[in-house]
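Under my numbering, the residues of the sequence shown are numbered 39 to 545, in order. All residues carry an ideal CB built from backbone N, CA and C; glycine is no exception. Only a predicted model underlies this, so the values are computations on that prediction, with no experimental measurement involved. What follows is a set of notes on a single structure, which appears directly below.
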Amino acid sequence: MSTNKKIRSALVSVFNKEKLESIVSKLNEFGVRLYSTGGTKDFIEKQGIEVTSVESLTDYPSILGGRVKTLHPKVFGGILSRRENNDDRSQLDQYGIPEIDLVIVDLYPFEVTLTSGASEQEIIEKIDIGGISLIRAAAKNYKDVLVVSSRDQYDQLLELLTNANGETTIEQRKLFAKEAFNISSHYDSTIFNHFDGGAGSALKLSVQQSKELRYGENPHQEGLFFGRFESMFDQLWGREISYNNLLDIDAAVSLIGDFDKTTFAVLKHNNACGVASRENLTQAWKDALAGDPVSAFGGILVTNREIDATTADEMNKIFFEVSIAPGYDDDAIEILKQKKNRILLVQKHRKLQVKSIRTVLNGFIQQDRDTKLEMAEELRVVTKESPSDAQVNDLLFANKLVKHTKSNAIVLAKGEQLLASGVGQTSRIDALKQAIEKARGFEFDLEGAVMASDAFFPFADSVEIANKAGIIAVIQPGGSKRDQESIDYCDAHNMSMVFTGFRHFKH
C-alpha cells in the first residue's frame with residue numbers, strides 16, 4: 039500500500055497572511071477543498087477562491103469572542119481519523135465528517151506580545167488554544183495529514199505542491215510534523231516561563247534553531263550550537279565558526295562589555311592574555327598585545343570601538359582567529375581580509391543571557407550571570423594608606439579582568455594595562471607567583487603596579503609576595519577570618535588595600 043497521499047482538502051487558519059496568497063492559489067489549482075475561519079476565510083474569498091467556513095461545517099458559530107472556533111469533533115475528527123481504519127471511516131460517514139488532509143495554522147504571537155509591554159490580560163488573550171490543538175492533532179496523524187505550522191514553511195510547501203502535483207510522502211509529512219512539535223513545545227515553554235516568573239520551579243529551555251558545528255571541543259566530539267548567532271553578529275569574513283570559537287567569543291564579549299573607555303583585549307582559551315584602555319584605539323591594541331604577544335598567536339581580539347585602517351594594519355601583523363568589533367571602516371576590512379580563514383565579526387548588540395546554565399551529573403545547574411561591577415564609591419579602604427585616584431582606576435580595571443579570569447585568579451595591572459595574570463591555579467599563591475613570573479618574563483616593571491584577587495586571601499603571604507615584587511595597592515573581596523593579618527602587613531609596608539565585598543569565582 040502506497041504511503042503517498044493526495045491532498046484533497048485543507049483547513050487554513052492563520053494569524054499572519056503574508057505569503058498565503060500563493061499557497062491558496064496553488065491549492066485551488068489542484069482542486070483542493072478549503073475550510074477556514076474568520077479573517078483567513080475573508081482573505082481567501084477576496085482572492086476569488088471558494089472556501090467553506092468552519093462554522094458551516096460544524097453548525098456552530100464562533101463563540102466567546104473568538105476563543106472557541108475550531109474545537110469541534112467535525113474538525114478534529116477529520117484531522118485525526120486513520121484512513122486505513124474501517125471503524126474510523128464508518129464514523130466519519132455516520133457523522134458527516136470530511137477528511138482533512140492538510141492543516142495550515144500559525145499561532146497567536148504570544149512571545150512577541152510578551153516583549154511588547156502589553157498588559158497581562160492582552161498577554162493571556164494571546165495564548166492560542168485552537169491553533170495549538172490543530173497543530174498537535176495534525177502532527178500526531180502525520181501518516182495521513184500534512185501540517186504546516188509556520189509561514190517560514192510556505193516556500194517549502196509551495197515547492198512540494200508544485201513538484202509532486204499536490205501529493206506528499208510519509209517522510210515529508212513526518213518532517214513537517216517534527217517541526218510542528220518543535221513549534222508547539224517552544225510555545226508552551228514560553229508560556230510556562232512567563233507564568234513561572236523566574237521562580238525556577240522547573241527548567242524549560244527551548245531554542246528552535248540549531249547549527250551543526252565542525253566538531254566539539256575536540257575533533258572526536260560532535261558539536262551543535264543552539265541559538266541565533268546572526269541576531270547578535272554579522273560575519274563579514276572567514277571560515278565557519280567552531281565550538282571553541284563560540285566559547286572564546288562569549289568570553290570576549292562578556293569582558294569587553296564591562297568597559298566604557300576605548301579598550302582592546304586579546305583572549306586565549308576564554309581568559310584575557312592582554313588588555314589595555316587608552317584614548318587611542320591603535321595604542322590600546324599595541325599595549326594589549328604587549329601583555330602577552332606569545333599567547334596572542336591564534337587568539338580572539340575584541341574591542342568596543344570601530345576598527346580603523348591604522349589599527350587594522352597593526353593587527354594584521356599577527357595571526358589571530360577572530361576579531362570582534364562594533365564596526366570596521368572599509369579600508370580596515372580589506373586589510374583584515376588578507377587572511378582567508380580569519381573571522382571578522384561585527385557585534386550588533388551586547389544583550390547576553392541573564393542566566394548561566396550548565397550540565398552537571400544527571401542534571402543542570404543555573405545561576406545569575408555575574409554582572410556585578412564595583413564602582414569607586416563602593417570600595418572600602420581597610421588600610422592606613424589610601425590609594426590615589428590613578429591607583430583606584432587601576433584597581434577597578436584589574437578587578438574587571440579578574441572577574442572574567444578562571445579561578446583561582448590574580449591580575450596585575452598598571453596604567454590601565456594588563457601586565458600579567460595567574461589563571462586557574464589550585465592555590466592563590468600559585469596564581470600570584472605565575473603572574474609575577476609572567477610579567478617579568480615580558481620585562482614589565484611591577485613597581486607601582488596593583489593586584490586584584492577574585493577571592494579573599496586566607497593568609498598574609500600573598501600581600502607579602504606582592505609587596506616584594508613592587509605591588510603597592512590591592513583590591514580583593516575580603517571576608518577571611520584572618521583579613522587583619524593582610525591588613526597589618528600592608529600597613530607595615532605602606533601598601534593600600536580596598537575590600538569590595540564581592541567574590542568573583544569563575545570555574
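Check: Can you tell me where the alpha helix (DSSP H) holding R174 begins and where it ends?; Outcome: G168 to K178
Check: Would you say D144 and R189 are within 8 angstroms of each other, going by their C-beta atoms?; Outcome: yes
Check: Is the stretch 325-345 touching the stretch 298-306, taking contact as three or more C-beta pairs under 8 angstroms?; Outcome: yes
Check: Sort out for me which residues DSSP pairs K44 with in a bridge.; Outcome: E205
Check: Check whether the Cβ atoms of A215 and Y192 lie closer than 8 angstroms to each other.; Outcome: no
Check: Under the rule that 16 or more other beta-carbon atoms within 10 Å means buried, what is Q132, buried or exposed?; Outcome: exposed
Check: For V291, report the span of its alpha helix (DSSP H) as first-last.; Outcome: Y281 to I294
Check: On a CA-only basis, which of S315, E268, L390 and T228 is nearest T153? Give me that one, please.; Outcome: T228
Check: In the structure shown, what three-state DSSP assignment does A458 receive?; Outcome: strand
Check: Can you tell which of L456, A498, I161 and G238 has its C-alpha closest to the C-alpha of V440?; Outcome: L456
Check: Can you tell me which residues form a DSSP beta bridge with N220?; Outcome: According to DSSP, which records beta bridges pairwise, N220 is partnered with nothing at all.
Check: Which value, in whole angstroms, describes the spacing of the CA atoms of D499 and M489?; Outcome: 14 angstroms
Check: Under 8 angstroms, with one C-beta from each stretch per pair, do the stretch 317-331 and the stretch 339-354 reach the 3-pair mark?; Outcome: yes
Check: Taking only three categories from DSSP, how would you classify E359?; Outcome: strand
Check: Can you give, in chain order, each stretch of the alpha helix (DSSP H) that sits fully within the stretch 378-450 and has at least 4 residues?; Outcome: 427-441
Check: Mind listing, in chain order, the continuous alpha helix (DSSP H) runs of no fewer than 4 residues lying wholly within the stretch 134-168?; Outcome: 148-152 and 158-163
Check: Which residue comes first and which comes last in the beta strand (DSSP E) that contains L251?; Outcome: Counting along the chain, L251 falls outside any beta strand (DSSP E), and DSSP gives it neither H nor E.
Check: In terms of residue numbering, what span does the alpha helix (DSSP H) encompassing V113 cover?; Outcome: P111 to L118
Check: Roughly how many angstroms lie between the CA atoms of Q391 and V150, to the nearest whole one?; Outcome: 18 angstroms
Check: Would you list, in sequence order, the uninterrupted beta strand (DSSP E) runs of no fewer than 3 residues that lie entirely inside the stretch 252-277?; Outcome: 262-264 and 271-275
Check: Among the residues of its own chain, which have a CB less than 7 angstroms from the CB of T520, if the five just before and after it don't count?; Outcome: In the sequence on display, residue 520 carries Arg and not Thr. Result list for R520: P496 and F497, in chain order.
Check: Cβ of L49 within 8 angstroms of Cβ of L172?; Outcome: yes
Check: To the nearest angstrom, how far is it from the Cα of T45 to the Cα of N309?; Outcome: Note that residue 45 corresponds to Ile in the displayed sequence, not to Thr. So the two alpha carbons sit approximately 57 angstroms from each other.
Check: Counting beta carbon pairs with one atom in the stretch 351-371 and one in the stretch 251-263, are three or more of them shorter than 8 angstroms?; Outcome: no
Check: Of the residues D234, A202 and I448, which one's Cα is nearest the Cα of R541?; Outcome: I448
Check: On the DSSP bridge list, what partners appear for S91?; Outcome: S74
Check: First and last residue of the alpha helix (DSSP H) that includes G479?; Outcome: R466 to G479
Check: To the nearest angstrom, how far is the alpha carbon of G134 from that of T206?; Outcome: 25 angstroms
Check: Per DSSP, which one or two residues make a beta bridge with F537?; Outcome: R418 and Q514
Check: Compute the Euclidean distance between the alpha carbons of I373 and A350, then round it to the nearest angstrom.; Outcome: 6 angstroms
Check: For V183, which beta-bridge partners are listed by DSSP?; Outcome: Looking at the DSSP assignment, V183 forms no beta bridge with any residue, so it has no partner.
Check: Report yes or no: do the stretch 425-444 and the stretch 515-529 share at least 3 C-beta pairs separated by less than 8 angstroms?; Outcome: no
Check: If you draw a straight line from the alpha carbon of G460 to that of E268, how long is it in whole angstroms?; Outcome: 34 angstroms
Check: In terms of residue numbering, what span does the alpha helix (DSSP H) encompassing V501 cover?; Outcome: D499 to A507
Check: So does the stretch 193-200 actually touch the stretch 241-253, counting three or more Cβ pairs closer than 8 angstroms?; Outcome: no
Check: Can you confirm whether the stretch 220-235 touches the stretch 56-75 when touching is taken to mean that 3 or more C-beta pairs between the two stretches lie within less than 8 angstroms?; Outcome: no
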